[in-house]
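Accompanying notes for the structure given below.
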Amino acid sequence: MNDVTNRTTSAEALRVVNLMKSYREGEGAIPILKGVNLTVRAGETVAILGASGSGKSTLLHVLGGLDGWDSGEVEVAGKRLSTLKESELGRLRNASLGFVYQFHHLLPEFSALDNVAMPLMIRRTDRAVARAEATKFLEAVGLGARTAHLPSELSGGERQRVAIARALVTRPACVLADEPTGNLDHETALAVFGLFIRVARDEGTAVLIVTHDREIAALCDRTVELKDGRIVER
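Now the structure itself:
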């Protein structure tokens, strides 16, 4: 699956500079992110650890352009999110970002193949081309024999592998993953995440993953911690 990868490990897939965010509560504000700085390079896998309530999911939402922030800068594939109109932000999310969550969020009425092909069809890729690409990624995550199955006909681990294939099929610059294996038993989680990392590396896709599982984090190239609203290298 390495055939179209032209990225180098020196390229920046994601860059965050002095990111600040607070939540309003009455007349006051509760600071959550207090100057986050982070760079993730193409093909690099980075795990974010941190206590519950430390702002890890909030950070991912900001990086994915799903939530606003107070100050600082976020760049994805060299584009500053603060300069983009909402329509441009939507196109950037489709072209340069992939998302994987704890729950797979598959469309129940569509097959595994069409769930994975959906991001390509949204960008109006020819249906046959989209389905061919989806087949490649399902094969890469070990589901080449399950393409016609509905989500209800798949195990939990298989459904999450479909979600991973869907996140990677557009060959994004970066995948943002929020506890992507948190709903699986530990043995299945390790197997699924191992496949995720292998395919992402093959494609030169950066991965930023929030996890509580230190064994999962150890599979990544680098681990950082979100502590007191800032990123601390481990």
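Going by my numbering, the sequence shown opens with residue 1366, and the numbers climb by one from there. Each residue gets a CB set at the ideal place from its N, CA and C atoms; glycine is no exception. What you are looking at is a predicted structure, and each value in this text was computed from that prediction instead of being measured.
Using a Cβ distance threshold of 8 Å, determine whether the region 1526-1538 contacts the region 1482-1491, with at least three qualifying pairs required.
Yes: at least three Cβ pairs fall under 8 Å.
State the start and end residues of the unbroken beta strand (DSSP E) segment that holds residue 1561.
For the purposes of this step, residue 1561 is taken as residue 196 along the sequence shown, with counting starting at 1. No beta strand (DSSP E) contains residue 1561, which is instead part of the alpha helix (DSSP H) from 1551-1568.
Excluding the 5 residues flanking residue 1562 on each side, which residues of the same chain have their C-beta closer than 8 Å to its C-beta?
Counting from 1 along the sequence shown, the entry for residue 1562 is found at position 197. Within the same chain, 1410, 1572, 1584 and 1585 come within 8 Å of residue 1562 by CB-CB distance, once the 5 residues on both sides are set aside.
Through-space distance from residue 1506 to residue 1379, alpha-carbon basis:
Taking the sequence shown and counting its residues from 1, one reaches residue 1379 at position 14. Taking the sequence shown and counting its residues from 1, one reaches residue 1506 at position 141. CA-CA distance, residue 1379 to residue 1506, rounds to 25 Å.
Output the residue ranges of the alpha helix (DSSP H) runs that lie fully inside the region 1466-1550 and measure 4 residues or longer, sorted by chain position.
Fully enclosed alpha helix (DSSP H) runs of 4 or longer: 1477-1487, 1492-1505 and 1521-1533.
Should residue 1402 go down as buried or exposed, given a rule of 16 or more other Cβ atoms within 10 Å for buried?
Translated into positions along the sequence shown, residue 1402 becomes position 37. Label assigned to residue 1402: exposed.
Are the region 1427-1445 and the region 1504-1523 touching by the rule of at least three beta carbon pairs closer than 8 Å?
No: fewer than three Cβ pairs fall under 8 Å.
So what does residue 1380 bridge to, in DSSP terms?
Stepping through the sequence shown from its first residue, residue 1380 is reached at position 15. Per DSSP, 1404 and 1440.
Nearest to residue 1470 by CA position, among 1576, 1543, 1408 and 1430, is which residue?
Counting from 1 along the sequence shown, the entry for residue 1470 is found at position 105. With distances taken between Cα atoms, residue 1470 lies closest to 1543.
Counting C-beta neighbours from all protein chains within 10 Å, is the total for residue 1493 16 or more, i.e. buried, or is it exposed?
To locate residue 1493, count along the sequence shown from 1; it is residue 128. With a 10 Å radius around the Cβ and a threshold of 16 neighbouring Cβ atoms, residue 1493 comes out exposed.
So, is residue 1479 buried or exposed, given that buried needs 16 or more other C-beta atoms within 10 angstroms?
Residue numbering aside, residue 1479 sits at position 114 when the sequence shown is read from its first letter. Buried, since its Cβ has 16 or more Cβ neighbours within 10 Å.
Exposed or buried, what is residue 1388 when buried is set at 16 or more other beta-carbons lying within 10 Å of its beta-carbon?
Taking the sequence shown and counting its residues from 1, the one referred to as residue 1388 is at position 23. Only exposed fits residue 1388, as fewer than 16 other CB atoms lie within 10 angstroms of its CB.
Option nearest residue 1431 by Cα separation, candidates 1419, 1582, 1447 and 1418
Sequence index remark: in the sequence shown, residue 1431 carries index 66 (1-based). Ranked by Cα distance from residue 1431, the options 1419, 1582, 1447 and 1418 are led by 1447.
Please classify residue 1421 as buried or exposed, where buried requires at least 16 neighbouring CB atoms within 10 angstroms.
If you number the sequence shown from 1, residue 1421 lands on position 56. That one is buried.
Given this structure, state the Cα-to-Cα distance separating residue 1476 from residue 1514, to the nearest angstrom.
In the sequence shown, the residue the question calls residue 1476 occupies position 111. In the sequence shown, the residue the question calls residue 1514 occupies position 149. Taking the straight line joining both Cα atoms gives about 5 Å.
Cut-off 8 Å between Cβ atoms - residues of its own chain near residue 1556, not counting five sequence neighbours on either side:
Sequence index remark: in the sequence shown, residue 1556 carries index 191 (1-based). Within the same chain, residue 1556 has close Cβ partners 1522.
At which residues does the beta strand (DSSP E) containing residue 1587 begin and terminate?
Start at 1 with the first residue of the sequence shown, and residue 1587 comes out as number 222. Looking at the DSSP string, the run of the beta strand (DSSP E) that includes residue 1587 is 1587-1592.
Using beta-carbon positions only, say whether residue 1386 and residue 1595 come within less than 8 Å of one another.
Mapped onto the sequence shown, residue 1386 falls at position 21. Mapped onto the sequence shown, residue 1595 falls at position 230. When the beta-carbon positions are compared, residue 1386 and residue 1595 stay at least 8 Å from each other.
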